[in-house]
Amino acid sequence: MTWIIGTGTIALEYAKILNQLGHEFIAVGRSGKNADEFIEAGAKEVVSGGLNNYLAASPTTPQKVIVATNVDQLAEVTVSLLNFGIKDILVEKPGFCHPEEITPVVQLAQAKNAHVLLAYNRRFYSSVLAAEKIIKEDGGITSFNFEFTEWGHVIETLDYSHNIFNNWFFANSTHVVDLAFFLGGEPQEISCFSAGELSWHKPAVFSGAGITNKGALFSYQANWNAPGRWVVEVLTTKHRLYFKPMETLQIQEKGSVAIKPVEIDNQLDIDFKPGFYLQTKAFVEGDYGRFCTINQQKKSLEAIYKKINGTVPEE
Numbered sequence: 002m003t004w005i006i007g008t009g010t011i012a013l014e015y016a017k018i019l020n021q022l023g024h025e026f027i028a029v030g031r032s033g034k035n036a037d038e039f040i041e042a043g044a045k046e047v048v049s050g051g052l053n054n055y056l057a058a059s060p061t062t063p064q065k066v067i068v069a070t071n072v073d074q075l076a077e078v079t080v081s082l083l084n085f086g087i088k089d090i091l092v093e094k095p096g097f098c099h100p101e102e103i104t105p106v107v108q109l110a111q112a113k114n115a116h117v118l119l120a121y122n123r124r125f126y127s128s129v130l131a132a133e134k135i136i137k138e139d140g141g142i143t144s145f146n147f148e149f150t151e152w153g154h155v156i157e158t159l160d161y162s163h164n165i166f167n168n169w170f171f172a173n174s175t176h177v178v179d180l181a182f183f184l185g186g187e188p189q190e191i192s193c194f195s196a197g198e199l200s201w202h203k204p205a206v207f208s209g210a211g212i213t214n215k216g217a218l219f220s221y222q223a224n225w226n227a228p229g230r231w232v233v234e235v236l237t238t239k240h241r242l243y244f245k246p247m248e249t250l251q252i253q254e255k256g257s258v259a260i261k262p263v264e265i266d267n268q269l270d271i272d273f274k275p276g277f278y279l280q281t282k283a284f285v286e287g288d289y290g291r292f293c294t295i296n297q298q299k300k301s302l303e304a305i306y307k308k309i310n311g312t313v314p315e316e
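Okay, structure coming up:
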């Protein structure tokens with residue numbers, strides 16, 4: 002049995018995949034939102050009234066739990082599940098809203114000897130799996146660059162709390178940063194610069210560079226007050242690989258300026274939200290090798306994310 006905490010669109014995507022995989026599950030939410038859709042997707046039960054009320058009724062402990070709530074509830078819900086005795090939890094990225102929320106989760110997971118994994122689904126993209134094969138054949142990555150420009154003029158119109166807006170880099174942009182360093186290695190040295198601000202986030206312009214533990218040089222930039230997009234580019238001695246958009250893979254060969262699409266088997270990323278199927282399958286099967294653990298996330302927060310973001314956003 003697997004629990005899905007949350008009944009929004011992301012939670013529903015997990016429900017569809019669990020049903021496809023033949024895994025029994027229930028959904029737990031604060032209200033009966035989307036209850037019919039979850040039943041149609043194969044849920045054994047849809048529980049309303051919130052997680053704490055459900056836990057108070059002492060339900061049978063599940064083997065796995067997927068946390069797909071709003072960002073500002075992720076850490077609190079994870080703590081409740083750990084205290085209940087859950088040993089295997091997949092929590093939507095980044096696992097917290099404000100950086101200070103991650104420490105209690107890490108400490109509790111260690112005390113309970115539990116696995117808490119972050120759902121950075123881009124690690125499971127078909128495009129990424131295909132790129133890894135090329136990278137290995139070429140002898141590894143020599144350098145890479147990435148951009149995590151956010152469309153500030155669009156984001157500011159969304160219905161989110163002040164806390165989520167203030168921490169948007171952690172809540173959203175780390176999707177890109179995580180993938181870049183997942184492929185290229187952890188930064189061994191990094192220099193970060195930031196400037197500017199928006200009405201809802203400071204800073205607004207980012208730039209930096211460094212070298213990873215794999216010996217790959219890297220650089221990054223983003224400007225949330227200018228045109229741009231999410232991009233990761235990876236270079237080997239033979240090829241330049243483009244994730245632009247990141248669900249696709251394009252390739253440039255040495256000695257050529259032509260950029261060609263790489264044919265990949267991406268049917269699962271078409272049928273389901275990209276990366277979700279293989280991510281969910283790996284989680285329920287206990288294959289945790291590609292996941293970012295909560296310990297690794299805290300390490301990245303201190304060594305990378307806070308530096309890139311310039312300052313820790315105020316509450």
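Going by this note's numbering, the sequence shown opens with residue 2, and the numbers climb by one from there.
Beta carbons are placed, not taken as given, at the ideal position from N, Cα and C, and that holds for glycine.
Everything numeric in this text was worked out from a predicted model, so none of it was measured.
8 Å contact criterion, which residue i and residue j should meet: CB distance rounded
i: Ile142; j: Leu184; result: 7 Å
i: Thr61; j: Val68; result: Actually they do not touch by this definition, with Cβ atoms about 18 Å apart.
i: Leu242; j: Trp225; result: That pair is no contact at about 25 Å.
i: Val48; j: Ile40; result: Contact doesn't hold; Cβ gap of about 12 Å is too wide.
i: Leu56; j: Phe85; result: 5 Å
i: Ala131; j: Val232; result: Not quite, the Cβ-Cβ distance comes to about 17 Å (not below 8 Å), so this is no contact.
i: Val106; j: Tyr306; result: About 15 Å; that fails the 8 Å criterion.
i: Ala44; j: Ile27; result: 6 Å
i: Ile309; j: Phe147; result: Not really, about 11 Å apart at Cβ, beyond 8 Å.
With 16 other Cβ atoms within 10 Å as the buried cut-off, status of residue i
i: His154; result: exposed
i: Glu315; result: Confidence is the limiting factor: at Glu315 the pLDDT is only 36, short of 50, which leaves the residue's position unreliable, though a coordinate-based value still follows. So Glu315 counts as exposed.
i: Glu93; result: buried
i: Asn122; result: buried
i: Ala112; result: exposed
i: Phe125; result: buried
i: Ser301; result: buried
i: Gln189; result: exposed
i: Gln268; result: exposed
N- and C-terminal bounds of the alpha helix (DSSP H) containing residue i
i: Val80; result: 75-85
i: Val178; result: 175-185
i: Pro105; result: 103-113
i: Lys307; result: 307-310
i: Lys134; result: 127-139
i: Ile271; result: 268-272
For residue i, the first and last residue of its enclosing beta strand (DSSP E)
i: Tyr55; result: Note, Tyr55: premise wrong, no beta strand (DSSP E); alpha helix (DSSP H) at 52-57.
i: Phe149; result: 144-149
i: Leu91; result: 89-93
i: Tyr221; result: 218-224
i: Glu46; result: 46-48
i: Lys17; result: Looking at the DSSP string, Lys17 is not in any beta strand (DSSP E); the run it does join, the alpha helix (DSSP H), is 10-22.
i: Ala28; result: 26-29
i: Val66; result: 65-68
i: Ile260; result: 260-262
Bridge-paired residues (DSSP) for residue i
i: Arg241; result: Leu236, Gln253
i: Thr294; result: Leu118
i: Cys193; result: Gly209
i: Trp231; result: Phe149
DSSP-derived helix/strand/coil call for residue i
i: Ile302; result: Just to set this straight, residue 302 is Leu in the shown sequence, not Ile. Note: Leu302 maps to helix in three-state DSSP.
i: Trp4; result: strand
i: Phe284; result: helix
i: Phe97; result: coil
i: Trp169; result: helix
i: Ala42; result: coil
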